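So the sequence shown is numbered by the numbering used here: it starts at 428 and just counts up by one. Working notes, structure below.
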Amino acid sequence: MSIHVALDDLRRDPGFLRNVTTWQCLPSRPARSQSLPANLHPSLRFWLQQSGIENLYLHQAMAWQTAARGENFVVVTPTASGKTLCYNLPILDSLLRDSDARALYLFPTKALAQDQLAALRLADGHFTQHPLCPATYDGDTTRGDRSRIRQSARILLSNPDMLHTGILPHHPRWAEFFAHLRFVVLDELHVYRGVFGSHFANVMRRLRRICNFHGSDPQFFCASATIANPLEFSRRLIGEPVTLIDEDGSPKGERHMVFYNPPLVDPELGLRRSSTLEAEGIAARLVTAGVQTIVFARARLTVEMLLTYLRGNQNVGMSEGQNIRMSEYRNATKSRGQAIRGYRGGYLPNERREIERGLRDGSVRVVVATNALELGVNIGGLDAAVLTGFPGTIASTWQQAGRAGRRTDTSLAILVATAGALDQYIINHPEYVLDRSPEHALINPDNLIILSSHMACAAFELPFRAGQCFGDVSFTEEVLTYLEEMGEVQLHGGDWYWMGEGYPAAAISLRTASPDNVAIQVVSPDDTVKVIGELEREAAPLLLYEGAIYLHEGQSYQVRQLDWDGGSAWVSPVNTDFYTRASSDQRVQVLDVVEERSQNGVIWAHGPVNVVSQSTVFRKFKKRTHETLGYGQIDLPEQVLETDACWIVLTDELLDPLREAGLWRSDPNDYGPNWAQQRNDARARDGYCCMVCGTPEANNRQHDVHHKKPFRAFGYVPGSNENYREANQLENLATLCRRCHQQVERGQRVRTGLGGLAHLVASVAPLHLMCDPRDIGVISEIQDSDSRLPTTTVYEKVPAGIGFSQHLFDLHDVLLVAARDLLRGCPCQAGCPACVGPIPEDTQRDLNAKALTLALVNACCG
């Protein structure tokens, strides 16, 4: 009854309720079910009855009937609705009747495969006359077990990566398995979005090609969380017709959905209390009431900070008037190291399994996790979920909320908004989540970069016969001709044969731009080394630079050395009251303009680009207060992302009327005739080093020189006065590296309206693209390197792109109107983080950033 006590406590608390924008109770619902099929195998019927299953939910019965007709299906129902039985029932029935039949189960993570293996082994104990011999086959499978599994496993559980690199290239060794493969299961189908899904669709093309060669034609059974386009998506992913099953017959307990906006600490500036601290207080309050709770955070650093706070700080609590009694909290979390755990990418498998067991047996009372626990790993029935910030998509919101109340009991989910524009839109428009369809899952398997890679893999596996197509692609021969020019295939007798070195799958990563990770190793005082985790290479420049504080399971480690080429980082445990955050310098290089249009003085275009990033500086922040304690330099190579982008260019046709009205402040300054000399003198005085972070000038680029008091404030008019002399005095100048200068000038960009426009575009674009905000990035430049005009670029954060840029280009009118509506609807007076972005206090006094941004957006809309 603890969840009911907690709900009553929250309802009676005016301090909590004043921050609640919506509290919706989703009522309980009884099951809709049918009797077990009459033609079910007797052994399977006995096992179900022994397990307490006397009936099937409606969607499970529909899946049985669809499978019996020989059709592929995709079942789309919420978390904990029994999707696993939808595919297990027809597969187990067939395998019990046909001793030669085989099934391949594919899961996006090893943890899911291990979870399903445990359940199948329990079932297999009941089928002694017809053993299923389930087995996992992944990177952790020992070499000695692999041969045995190839020969004996009738249900093979694996993942896309192992199928891609370890099974398909070696299909002759699997000839018996592929010849009798009757079923392929794709669980957690919604995970296969973006670049991962685009790769995976090509892996499915290769799988069907191999099956055809060995004489089999398996059925595909797919299971997914709710997405907007399950039928279209699953058909595109597997390349075959699919039947949709989306009538959920499972029972549901009462669910409370609460939308919570942290209180304002400065109404004029629109500043709110930290969502992290609010989530911490709410979680502590729930745990104190005896409610087993999961706390979701969007970033690894946030997970570790929350974990640190919950494990014993004296200041645990919510905003004013809502503090909990620490003695009760400590009693609820005895042995806090084990009762309060973290869960995210980078933890080792044995740590994850230990945490999952603790959640199931109740010894773990609160877990702080990234979206790694959105997936269907069996973690038992939690009572409450606290979402620290909008997860990025409607689908993820329901997935995370659904991790609480996995039985028919009452559950609670609380979405704690950040101060960002997207979160503020969601928290004030809850119908967007509660009433709107989830996002579309988008893939582009015919992206030429991805397609050509997998056609090379396919050619290695089997020759391409004359006239043979790869999937639905009509230009297969063109790609093969390209591969021939690269020396990878050769045309002989009308067929194409592999001629390259090695096997190409080994060099192709399905998930990231780089195929390898960085191992994180702890060096003990006795010089022994222990690996505590790993991190994908593209994230290393932001988290594993030398001097960084790396957080793992609430423990702080300082990075002593990073071997970039060798893929290893050495860390040492430290006790600190600060954490670090890296800054990345980015620039865009346009490679080609695919399409362009001009309207109202705005040029819209899209095409391939390079986004060049380099981590240059990190800052030290004090825990809880988040005040800056110091800076450090990062020395790592540039990272180049080849992707697609859509960009907005503001021309003089649009800007001239704004200039005349005093509503445009971004034109480059004329700093007067003595500027070159004063600039050089300032750099020399500062020792050619950044006055903020201490970074010395590089050989190929001088540092910037910044006016402490803005140059425009001196009112210099060329030919009319000499006010530039006072503005350019050395005491008003400071040498800054490019990154620090960008940080200092951020308020100036917002003040002119250009930064406000970029912030709005970044906020509303995910809503209309129906993508995760983390799928795109936005860069705003006062002078683009090509056009020399103010430009805002929205780029896709996946190699080669998957179509967001084209879609954004087509939606440009809708995007601008949405940005204008968001700005007009914000209750602030002069701009705030919920509309135009963070506004420095002195900027509020100087200019109305909201008015400037609104003028610019209105001009763009025409």
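Idealized CB from N, CA, C, for every residue including glycine. Since the model is a prediction, treat every value here as computed from it, not as a measurement.
ASP572 and THR555 have their C-alpha atoms spaced approximately 22 angstroms apart.
Per DSSP, the continuous alpha helix (DSSP H) segment holding LEU547 begins and ends at 537-551. Segment contact: the segment 677-685 against the segment 834-842, three or more CB-CB distances shorter than 8 angstroms; contact assigned. Under a 10 Å Cβ-count criterion, MET913 is classified as exposed, with fewer than 16 other Cβ atoms of the shown protein chains found around its own Cβ. THR1162 is a Cβ neighbour of ARG1110, given a cutoff of 7 angstroms. Annotation for GLN487: the continuous alpha helix (DSSP H) segment containing it runs 485-495. In the three-state scheme derived from DSSP, where H, G and I count as helix and E and B as strand, HIS1033 is classed as strand.
Between VAL813 and ILE947, the C-beta spacing is not below 7 angstroms. Comparing alpha-carbon positions, the option among ALA580, LEU1216, LEU1242 and CYS1259 lying closest to VAL1284 turns out to be LEU1242.
Using a Cβ-Cβ distance cut-off of 8 angstroms, the segment 1018-1038 and the segment 1216-1235 are in contact, since at least three pairs of beta carbons, one from each stretch, lie closer than that value. Among the bridge pairs identified by DSSP, ARG633 is matched with none. ALA628 is positioned such that its CB atom lies no closer than 7 angstroms to that of LYS510. The closest CA to that of GLU980, considering only LEU608, VAL432, ARG445 and GLU781, is found on GLU781. With respect to the 7 angstroms criterion, CYS638 and PHE605 are classified as neighbours on the basis of their beta carbons. In this model, ALA811 and ALA831 are separated by some 5 angstroms (Cα to Cα). Along the segment 930-969, the beta strand (DSSP E) occurs as fully enclosed runs of 3 or more residues at 944-950 and 956-963, listed in sequence order.
Collapsing the DSSP output to three states places SER1011 in a strand.
Spatial neighbours of ASN446 in its own chain (CB-CB distance under 7 angstroms, excluding positions within 5 residues in sequence) are listed in chain order as TYR687, ASN688, PRO689 and PRO690. Contiguous alpha helix (DSSP H) elements confined to the segment 1034-1121 occur at 1079-1087 and 1102-1112, taking only those with 4 or more residues. In chain order, HIS607 place their CB closer than 6 angstroms to the CB of ASP527, counting only its own chain and leaving out the 5 sequence neighbours on each side. DSSP places LEU613 in the uninterrupted beta strand (DSSP E) bounded by 608-613.
Burial of ASN798 is indicated by the presence of at least 16 other C-beta atoms within 10 angstroms of its C-beta. For VAL1191, no beta strand (DSSP E) segment is defined; the enclosing uninterrupted segment is the alpha helix (DSSP H) at 1181-1196. For ASP440, there is no enclosing beta strand (DSSP E), as DSSP marks it with neither H nor E. Annotation for LEU733: no beta strand (DSSP E) segment contains it, though the alpha helix (DSSP H) segment containing it runs 727-737.
Between the segment 1207-1220 and the segment 1244-1263, the count of Cβ pairs shorter than 8 angstroms is below three; the stretches do not touch. ASN482 has SER462 as its beta-bridge partners, per DSSP.
For PHE817, there is no enclosing alpha helix (DSSP H), as DSSP marks it with neither H nor E. Around the CB of GLU1087, fewer than 16 other CB atoms lie within 10 Å, so the residue is classed as exposed.
Rounded to whole angstroms, the separation of the alpha carbons of ALA868 and ILE582 is 28 angstroms. For LEU519, the enclosing alpha helix (DSSP H) starts and ends at 510-524. The DSSP-derived three-state label of VAL685 is strand. Assigned with DSSP and collapsed to three states, ASP862 falls in coil, not helix or strand. Under the three-state reduction of DSSP, TRP923 is assigned to strand. Residue pairing of PHE647 in beta bridges, as defined by DSSP: VAL611. Of all alpha-carbon atoms in TYR736, THR504, LEU1077 and LYS1277, the one lying nearest the alpha-carbon of ALA652 is that of THR504.
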